[in-house]
Amino acid sequence: MSSLHDAFARAKSENRAALIAYLPAGYPSEDGAVECIAAMVEGGVDIVEIGFPYSDPVMDGPTIQDAVNISLEGGTKSATVINTVKRVSELGVPALVMSYWNPIERYGVDAFAADFHAAGGVGVITPDLTPEEAEDWITSTNSNDVDRVFLVALSSSDERIAKVANATTGFIYAGAVMGVTGARTSVSDAIEGLVAKVRRHSDLPVAVGLGVSTPEQAHEIAQYADGVIVGSAFVTAIKNDGPAGAKALAQALSQGLSR
Amino acid sequence: MTVDEVVSVPDLRGHFGKFGGRFVPEALMAALDELDEAFRKASVDPGFIKQLRELQVNYTGRPSPITEAKRFSQHAGGATILLKREDLNHTGSHKINNVLGQGLLTQRMGKTRVIAETGAGQHGVATATVAALLGLECVVYMGEEDTKRQALNVARMKLLGATVVPVTIGSRTLKDAINEAMRDWVANVETTHYMLGTVAGPAPFPEMVRDFHRIIGDESREQMLSRYGRLPDVVAACVGGGSNAIGIFTAFIPDASVRLLGLEAGGEGIETGRHASTIVGGAVGVLHGARSYIMQDDDGQTIESHSISAGLDYPSVGPEHAYLADIGRAEYRSVTDVEAMNAFKLLCETEGIIPAIETAHALAGAIEIGKELGEGAIILINLSGRGDKDVETAAKYFGMNL
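Residue numbers (this note's numbering), protein chains in the order written: chain A, 849 to 1107; chain B, 4 to 405.
Dropping the structure here:
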């Protein structure tokens, strides 16, 4: 079983949800990102999602778009992402990559899975790849022992949830709002229902993200989901206060995870 | 590859060979399925077909004529250049064909709001027009750079009651307008239809938009046979996303004797890297929901495209064009800004027709292929749009004092 599995199991044994934090590689710089992630982990983050910066992030709102632009303008390449995975894995925390599909396809589907695994990475989230288009990816992730995380949305039919659940390994990512990334004052009431539907099709952990930014939201989600995913709020905290801001937010969110 | 196989693309999941497909957030899958179902039902519903036909005739003004460009032809090696006059459609370009179809589908799906991206503003104007006609709320995303290049069309959209949102991120052109439209769609998909303006994007858009535009080629083929008693030797059109080109190509795909020629925007020249010729100078990748030829760097980041023509300034191309190029059924060439502007001026001065700068790329290609084929050859060009919107750009380009 992977360290990803262990992280969810540990959170469960502590009667809480796991905290999953997102940060784009190369933001605010290559070293800065690793430093901030180390601070998040100190603050209580269980699993780290490293964003693969991409020129056309259609699922991201302004906060992450800005961070990604800063990263790309700073010279972030595919190699930066793999290197960041390596350094984050060395911190002893499960490292995932979240990437739009084209950078992976350009890298080479099999090569990416192999290099990612060699760097210590455990799983890859692909927000614009659905199981229908993932034939090569499923083969490559299977043969390189990499978890592949697909998403379910509030608009997903039961049939689609079953399809996604069937193709996913590691955990299932449930989008809490219909829309792009970015802090919201409230998440949809429907998300609890979505998580329940997913559970009818899968025994995998279910983590909830998109729009989640506060300890109160984390607490609410922790009552029914296995993981809480926070992205834009970490970017904002780092923009304002650097690693200290990242750590403080992780600590605050950790307080909200208990059941 | 037999002709029948070519005609039967895409497959059930929207693949044209290895191209096309659906690379979108899960949140959009339900909406794409809904659209696909609505489109398939409507395609065989006599009521829908009749309603669309009525609008094509009495609102757009179809069929559009074919004009023989006699004086222009003298500059094209003596070949006969024929112009399919999509510029005479209501709103001034071929774009109306697609939005009428999608507008009616929007109503059938019970949605009340449409969004669109636009580059040159032609699709934005067409969308705003149909929204006004059908009583739909309309928001058009347009790169800030393009709102400046195409100020006249911005004013037209506003007069038609649409909200125009200038996009200030990225390269501030068509690609970024599409990104913003997709973000809007993900958030508002329950009430909103995304009226994508070209044969790109996730399935079913490339197939659906093609089918709404294929009337251009269907009419042309009939007009050729009844007036000239033969098919053209070459059918040519400009290609950005590729909707006008697919529109005129489709009817001729089974006619093996007809060469299909797509003219991409060469900007300052392929060798400079500042161009928008994705088939001629790009590589296979995924952008905006489909696999096609795209402009990208070694890390898979999109490279900004460049063209004097806002409507061709796009770093991807419809997947069916990528497929037609791969199987060799259509040929694609690149036309620079300079060549396009020379052809633009030539058409103005020899035929009394001011074409869109997009269309001028096809005219430049016609001159080139006309010289290659010489006398006796018949070249049919899709005159996809009129150039009123480009008057300011052209005047500046030619150093005229206004």
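All C-beta atoms in this analysis are idealised placements derived from N, C-alpha and C, irrespective of residue type, glycine included.
Where do the N-terminal and C-terminal ends of the beta strand (DSSP E) with residue i fall, by residue?
| i | result |
| --- | --- |
| V170/B | T166 to V170 |
| N1088/A | Here N1088/A belongs to no beta strand (DSSP E); instead the alpha helix (DSSP H) covers S1080 to Q1103. |
| K392/B | Here K392/B belongs to no beta strand (DSSP E), and DSSP marks it neither H nor E. |
| N385/B | I381 to L386 |
| P872/A | A866 to P872 |
| T83/B | T83 to R88 |
| L259/B | The sequence shown places Ala at residue 259/B, not Leu. Unbroken run through A259/B: none, as it is neither H nor E. |
| G940/A | Segment: none, G940/A is in no beta strand (DSSP E) and carries neither H nor E. |
Alpha carbon to alpha carbon, how far is residue j from residue i? Give it in angstroms, no decimals.
| i | j | result |
| --- | --- | --- |
| V47/B | A34/B | 20 angstroms |
| A962/A | K934/A | 13 angstroms |
| Q77/B | I218/B | 29 angstroms |
| A855/A | P942/A | 8 angstroms |
| A180/B | N863/A | 45 angstroms |
| A203/B | K399/B | 31 angstroms |
| V1012/A | P979/A | 6 angstroms |
| G425/B | T132/B | Outside the shown range of chain B, which is 4 to 405, sits residue 425/B, and nothing can be said about it. |
| I885/A | I1039/A | 28 angstroms |
| G1093/A | V893/A | 13 angstroms |
| H324/B | P1063/A | 50 angstroms |
| L228/B | V261/B | 13 angstroms |
| D258/B | K73/B | 26 angstroms |
| F401/B | Y948/A | 43 angstroms |
| L55/B | A119/B | 20 angstroms |
| T176/B | T115/B | 27 angstroms |
| E878/A | T924/A | 8 angstroms |
| V223/B | L91/B | According to the sequence shown, residue 223/B is Ser rather than Val. Answer to the nearest angstrom: the Cα atoms are 14 angstroms apart. |
| W985/A | K1045/A | 26 angstroms |
| A881/A | Q153/B | 41 angstroms |
| A244/B | S1102/A | The question names Ala, but residue 244/B in the sequence shown is Gly. If you take the alpha carbons of G244/B and S1102/A, they lie about 48 angstroms apart. |
| T5/B | I256/B | Residue placement at T5/B cannot be trusted, given a pLDDT of 48 that sits under 50; what the coordinates show is reported in the next sentence. Cα-Cα distance, rounded: 11 angstroms. |
Measuring alpha carbon to alpha carbon, tell me which of the options ends up nearest residue i.
| i | options | result |
| --- | --- | --- |
| I1070/A | E980/A, P975/A, G1104/A and K1087/A | Before going further, note that residue 1070/A is Ala rather than Ile in the sequence given. With distances taken between Cα atoms, A1070/A lies closest to G1104/A. |
| E89/B | G204/B, G244/B and G390/B | G390/B |
| I912/A | A1098/A, T1084/A and K1095/A | T1084/A |
| L871/A | N990/A, D908/A and A857/A | D908/A |
| E395/B | P66/B, Q299/B, K151/B and E271/B | K151/B |
| V970/A | H1049/A, G1093/A, G1059/A and I898/A | I898/A |
| I69/B | I52/B, I370/B, I251/B and G17/B | I251/B |
| A1010/A | L376/B, G373/B, E29/B and E354/B | E29/B |
| Y62/B | A293/B, G95/B and A346/B | G95/B |
| V1000/A | L1042/A, F964/A, A1098/A and V1035/A | L1042/A |
| H853/A | I895/A, A1024/A and I973/A | I895/A |
| A915/A | G173/B, R111/B and E148/B | G173/B |
| A134/B | G146/B, I381/B and V117/B | V117/B |
| A254/B | D214/B, G272/B, E271/B and D149/B | D214/B |
| N990/A | R1008/A, S1004/A, A1015/A and K1095/A | A1015/A |
| F42/B | Q59/B, H196/B and H291/B | H196/B |
Can you name the start and end residues of the alpha helix (DSSP H) that residue i belongs to?
| i | result |
| --- | --- |
| R43/B | E29 to S46 |
| M888/A | E878 to E890 |
| M227/B | I218 to Y231 |
| T195/B | Looking at the DSSP string, T195/B is not in any alpha helix (DSSP H); the run it does join, the beta strand (DSSP E), is T195 to Y197. |
| I181/B | L177 to N191 |
| M161/B | The residue you asked about is not Met; residue 161/B is Lys in the sequence shown. Segment A154 to L162, the alpha helix (DSSP H) holding K161/B. |
| I1039/A | A1038 to H1049 |
| M326/B | The amino acid at residue 326/B is misidentified as Met; the sequence shows Tyr. Element bounds for Y326/B: P322 to D329. |
| L3/B | Residue 3/B is absent from the structure shown; chain B starts at 4 and stops at 405. |
| M145/B | First-last for M145/B: E140 to G146, but that is the beta strand (DSSP E), not the alpha helix (DSSP H). |
With 7 angstroms set as the bound, which would you pick, yes or no: does the beta-carbon of residue i sit closer than that to a beta-carbon of chain D?
| i | result |
| --- | --- |
| Q110/B | The structure shown contains no chain D; the protein chains it does contain are A and B. |
Self-check item: Contact list for the stretch 19–36 of chain B against chain A, Cβ threshold 9 angstroms
Solution: Here the close residues are G24, R25, F26, V27, P28, E29, A30, L31, M32, A33, A34 and D36.
Exercise. Would you check if the stretch 11–23 of chain B and the stretch 1073–1080 of chain A touch, i.e. whether three or more CB-CB distances between them fall below 8 angstroms?
Key: No, they do not touch.
Self-check item: Against chain B: residues of the stretch 924–947 of chain A by CB proximity under 8 angstroms
Solution: Among the residues of the stretch 924–947 of chain A, those with a Cβ less than 8 angstroms away from any Cβ of chain B are K925 and S926, in the order of the chain.
Quiz item: Below 8 angstroms, can you find three or more Cβ-Cβ pairs linking the stretch 351–364 of chain B to the stretch 287–307 of chain B?
Solution: The answer is no - the stretch 287–307 of chain B does not touch the stretch 351–364 of chain B, with fewer than three Cβ pairs under 8 angstroms.
Quiz item: Are the stretch 21–33 of chain B and the stretch 176–195 of chain B touching, with three or more C-beta to C-beta distances below 8 angstroms?
Solution: With the cut-off at 8 angstroms, the stretch 21–33 of chain B and the stretch 176–195 of chain B touch.
Quiz item: Touching or not, the stretch 148–168 of chain B and the stretch 119–134 of chain B, by the rule of three or more beta carbon pairs under 8 angstroms?
Solution: Contact between the stretch 148–168 of chain B and the stretch 119–134 of chain B is present: 3 or more CB-CB pairs across the two stretches fall below 8 angstroms.
Exercise. Output, in sequence order along the chain, the residues in the stretch 994–1009 of chain A whose CB is closer than 9 angstroms to any CB in chain B.
Key: Correct list: F998, L999, V1000, A1001, L1002, S1003, S1004, S1005 and R1008.
Exercise. Anything in the stretch 286–305 of chain B with a Cβ closer than 7 angstroms to a Cβ of chain A? List those residues in chain order, please.
Key: So the close ones are G288, V289, L290, Q299, D302, G303, Q304 and T305.
Quiz item: Going along the stretch 179–211 of chain B in order, which residues come within less than 7 angstroms of chain A, judged by CB to CB distance?
Solution: Answer set for the stretch 179–211 of chain B: N182, M185, R186, V189, A190 and V192.
Exercise. Decide yes or no for the touch test of the stretch 315–331 of chain B against the stretch 262–282 of chain B: beta carbon pairs closer than 8 angstroms, at least 3 of them.
Key: Counting Cβ pairs under 8 angstroms, three or more are found: they touch.
Quiz item: Name the residues in the stretch 975–991 of chain A whose C-beta lies less than 8 angstroms from a C-beta of chain B; which are they?
Solution: Of all residues in the stretch 975–991 of chain A, P975, D976, L977, T978, E980 and E981 have a Cβ within less than 8 angstroms of some Cβ in chain B.
Self-check item: Residues of the stretch 1024–1045 of chain A with Cβ closer than 9 angstroms to any Cβ of chain B, in chain order
Solution: Taking 9 angstroms as the Cβ-Cβ cut-off against chain B, the residues of the stretch 1024–1045 of chain A that qualify are V1025, M1026, G1027 and V1028.
Practice problem: Specify whether the stretch 1015–1022 of chain A and the stretch 49–62 of chain B touch according to this definition: at least 3 beta carbon pairs, one from each stretch, less than 8 angstroms apart. | Solution: Touching, no.
Practice problem: Evaluate contact between the stretch 196–211 of chain B and the stretch 328–346 of chain B, counting only Cβ atoms and requiring at least three cross-stretch pairs below 8 angstroms. | Solution: Short answer: they don't touch.
Practice problem: Check distances from the C-beta atoms of the stretch 164–178 of chain B to those of chain A and list, in chain order, the residues that come in under 8 angstroms. | Solution: Residues of the stretch 164–178 of chain B with a Cβ closer than 8 angstroms to any Cβ of chain A, in chain order: I172, G173 and K178.
Self-check item: Contact set between the stretch 1009–1023 of chain A and chain B, restricted to residues whose Cβ is under 8 angstroms from the partner
Solution: The stretch 1009–1023 of chain A vs chain B, Cβ under 8 angstroms: V1012 and G1023.
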